[in-house]
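Trainee: Okay, here's the structure, questions in a sec.
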Amino acid sequence: MKLEAKNKFKKLTLLTLTILLGIFLLFSFLLPVAAAGARLFLSPSSGTYYAGSYLSVEVLVNTGGNATNAYKAVLAYPTDKLEAVSVSSGGSICSLWITQTKSTLECGTPTPYKGTTGRIGTITFLVKAAGTATVSIANGQVKKADGAGTEILSVRDSASFNLQEPPAGVPVISSSTHPDQNGWYQSRTAEFSWNSPEGTDGFSYLLSQKPNEVPDDTSEGAETSKTYENLADGTWYFHLKAKTTEATPAGGQGWSFTNHFRIQIDSEPPEDFEIVSDPPADRVFRAPLLSFAATDKLSGVDRCEISFDGGEFEVTISPYRFNRIRGGIHEVVVQAVDQAGNIKDSRLTLSVIGVPSPTIIRPTEGENIPLFAPLGIKITTVAPGTVELLLDSQLFATLDGSIGSELEHTYRKILSPRGHKLSAVFVNAEGIESAPAEVNFKVNPGSVYLLGFVVPGYIFYSVLLIAVSLLVVLFIKWRKRRKKKAIEESKNRS
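Reminder that position 298 of the sequence shown reads as 298 in the UniProt record's numbering, one-by-one numbering, no gaps.
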């Protein structure tokens, strides 16, 4: 009986374990696979480069299956061997940039990205000296698009490069149309030229979009220039090697090391974009906040510029906040300029709800002010806010006021005897300014303010002339006495 009970217990235990294992396997198939952590890495991760050449390193992200929207990568590298010369956001998954320097990329995207090779940006280095150079991501962030900005970065990779001195006899390439290998240009015609090292008997060259391609061993002749037309947008590499007159061990002629020259073409403007106003553009009741996200798929946006009511463009970033704006209809233009100088405009019309102008009580229109008199100013407002006072278009005072208040101010500087214009502009707490209230007045030299009294000008000028004349007479007499005294003292000494 004991043996039979023991066998039943074993069978029951085995059955239970089998059921539990089946349930576990079933849930393993039904439950979604948990997303892995994100990885920041560099491309290329290795390679051989020569002093004087350029090395472009892409900063990429593998999100590990997560939807992400914010990224940061801080690069570290040996500055004695590499010099960061440019940074590009061309082809980036980001459209909102916080930092874009030659060592730090920090950006975001309003549309979450999920993928394995998302380009954040590209940093180009100039190879300064031979040796081994390790480029690493010293610090980084990848934020999950979950509304909380959860950090999911788990791996930061590095890259190692073998840097060598260039071999002798390599022709040096230049381009008159695309001189900067790190720059972007609109021209689709590329001209290349090169020198002819000693012992050269022809050249083989090739233009392709592969950075390290090698031309074949067929000479194209001894010409030292080449022009290509109607090139497609993108990055191109001109590959060149020289045929030498020196014999090889096999008895033939040899070829030099292949030199490469990069050109970058972008003839298309940035993508279409919209300007969004807060408050909405059709009913602006406070100084608006303008947001825009300009992108360029190839060279990347270099800068954005804004113009207001046909004025000069000035460099700006999104979001752009008006400190104040006058009531009425206004035209805003934002233009995105890419790295090649191509421009895309976006326009927005703002309908701003106006506020009433203040009323200037004193001085009155056409009033004559005595010379040297202080200018007494009295203003009334119908809403709470501030009033800015301008004399001949120059701001000289700001007054705080409440609803229906009367504001007074005294301008005590001496005004020149001519016509002047006093302006008053009201600005409410929301940054909406009124049209200016204006009064024209004149400082009349025919009357003079003196010690609290106003006297006719002819009396003042007559007294002034007499006083000046007396001073001149007294000065002349004093000089004569002094001269006479000096002569007498000189005689006494002799």
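Glycine is no exception: its CB is placed at the ideal position from the N, C-alpha and C atoms.
On a predicted model such as this, the values are computed, not experimentally measured, just so you know.
Can the beta-carbon of glutamine 437 be found closer than 8 Å to that of alanine 429?
Mentor: Correcting the residue identity first, residue 437 is alanine in this sequence and not glutamine. Result no, Cβ atoms of alanine 437 and alanine 429 do not sit closer than 8 Å.
Trainee: Identify the continuous beta strand (DSSP E) that holds histidine 330 and give its terminal residues.
Mentor: Start and end: 328-338.
Trainee: To the nearest angstrom, how far is it from the Cα of arginine 493 to the Cα of arginine 481?
Mentor: Whole-angstrom Cα-Cα distance: 19 Å.
Trainee: Just to confirm, are valine 355 and glycine 328 a CB contact at a threshold of 8 Å?
Mentor: Result no, Cβ atoms of valine 355 and glycine 328 do not sit closer than 8 Å.
Trainee: Using the rule of at least 16 other Cβ atoms within 10 Å of the residue's Cβ for burial, across every protein chain shown, is glutamine 181 buried or exposed?
Mentor: Glutamine 181 is buried by the Cβ-count criterion.
Trainee: Out of curiosity, what's the CA-to-CA distance linking threonine 96 and glycine 419?
Mentor: The sequence as given places leucine at residue 96; threonine does not occur at that position. Distance between the alpha carbons of leucine 96 and glycine 419: 52 Å.
Trainee: Do you know how far the Cα of alanine 138 is from the Cα of valine 74?
Mentor: Approximately 6 Å between the Cα atoms of the pair.
Trainee: Would you identify the three-state DSSP class for leucine 415, choosing helix, strand or coil?
Mentor: In this structure, leucine 415 counts as coil in the three-state DSSP scheme.
Trainee: Can you check DSSP and say which residues form a bridge with asparagine 139?
Mentor: Val74.
Trainee: Could you tell me which residues DSSP pairs with lysine 378 in its beta bridges?
Mentor: Beta-bridge pairing links lysine 378 to Arg362, Glu408.
Trainee: Would DSSP call alanine 232 helix, strand or coil?
Mentor: Note: alanine 232 maps to coil in three-state DSSP.
Trainee: Rounding to the nearest angstrom, what Cα-Cα distance links tryptophan 194 and serine 160 in this structure?
Mentor: Looking at the two C-alpha atoms, the distance is approximately 31 Å.
Trainee: Counting pairs of beta carbons, one from the segment 111-131 and one from the segment 83-92, are three or more of them closer than 8 Å?
Mentor: Output reads yes: the segment 83-92 touches the segment 111-131.
Trainee: DSSP has glycine 121 in a bridge; who is on the other side?
Mentor: DSSP lists Val59 as partners of glycine 121.
Trainee: Check each candidate in Ala373, Leu371, Lys378 and name the one with the smallest Cα separation from glutamate 365.
Mentor: Nearest C-alpha to glutamate 365: Lys378.
Trainee: Return helix, strand or coil for glutamate 489, following the three-state DSSP convention.
Mentor: In the structure shown, glutamate 489 sits in a helix (DSSP, three-state: H, G or I).
Trainee: For glutamate 229, does the count of other Cβ atoms within 10 angstroms reach 16, so buried, or fall short, so exposed?
Mentor: When all chains shown are included, glutamate 229 counts as exposed.
Trainee: By the three-class DSSP mapping on this structure, what secondary structure does residue 520 have?
Mentor: Residue numbering for the chain in the displayed model covers 1 to 494; residue 520 lies beyond these limits and cannot be assessed.
Trainee: What whole-angstrom Cβ distance do aspartate 233 and serine 208 have, given they're in contact under 8 Å?
Mentor: Not quite, the Cβ-Cβ distance comes to about 15 Å (not below 8 Å), so this is no contact.
Trainee: Would you check if there are 3 or more beta carbon pairs closer than 8 Å linking the segment 293-305 to the segment 331-345?
Mentor: Because the criterion of three Cβ pairs below 8 Å is met, the segment 293-305 and the segment 331-345 touch.
Trainee: Grouping DSSP H, G and I as helix and E and B as strand, with all else coil, what is serine 462?
Mentor: Helix.
Trainee: Among the candidates Gly310, Gly376, Glu246, Arg321, whose CA atom is the shortest distance from the CA of proline 279?
Mentor: Here the closest residue by C-alpha is Arg321.
Trainee: List the endpoints of the continuous beta strand (DSSP E) containing proline 445.
Mentor: Its beta strand (DSSP E) spans residues 437-450.
Trainee: Out of Tyr185, Lys241, Val214, Glu489, point me to the one whose CA is closest to glycine 202's CA.
Mentor: Closest by alpha carbon: Lys241.
Trainee: Does the pairing of the segment 368-385 with the segment 440-458 give three or more beta-carbon distances under 8 Å?
Mentor: Yes: at least three Cβ pairs fall under 8 Å.
Trainee: Assign glutamate 106 to one of two classes, buried (16 or more other C-beta atoms within 10 Å of its C-beta) or exposed (fewer than that).
Mentor: By the 10 Å Cβ count, glutamate 106 comes out buried.
Trainee: Can the beta-carbon of isoleucine 361 be found less than 8 Å from the beta-carbon of threonine 380?
Mentor: Yes, Cβ-Cβ distance for isoleucine 361 and threonine 380 is below 8 Å.
Trainee: Once DSSP output is grouped into helix, strand and coil, what is the label at isoleucine 476?
Mentor: Three-state DSSP puts isoleucine 476 in a helix.
Trainee: Bridge partners of cysteine 107, per DSSP?
Mentor: Per DSSP, Tyr71, Trp97.
Trainee: Can you tell me the Cα-Cα spacing of lysine 297 and glutamine 264, whole angstroms?
Mentor: Rounded to whole angstroms, lysine 297 to glutamine 264 spans 13 Å at the Cα level.
Trainee: Could you give the distance in angstroms between the alpha-carbon of isoleucine 173 and the alpha-carbon of threonine 224?
Mentor: Answer to the nearest angstrom: the Cα atoms are 9 Å apart.
Trainee: Near glycine 169, which residues of its chain fall below 6 Å by C-beta distance, leaving aside the five closest residues on each side in sequence?
Mentor: Pro197, Ser256.
Trainee: Could you tell me the distance, in whole angstroms, from the CA atom of leucine 375 to the CA atom of proline 384?
Mentor: The alpha-carbon atoms of leucine 375 and proline 384 are separated by roughly 25 Å.
Trainee: Would you please state the rounded distance, in angstroms, between the beta carbons of glycine 108 and alanine 70? I believe it to be under 8 Å.
Mentor: 4 Å between Cβ atoms; contact.
Trainee: Could you tell me which uninterrupted alpha helix (DSSP H) segments, each at least 4 residues in length, are contained entirely in the segment 212-295, listed from first to last along the chain?
Mentor: With a minimum length of 4 residues, no continuous alpha helix (DSSP H) run stays inside the segment 212-295.
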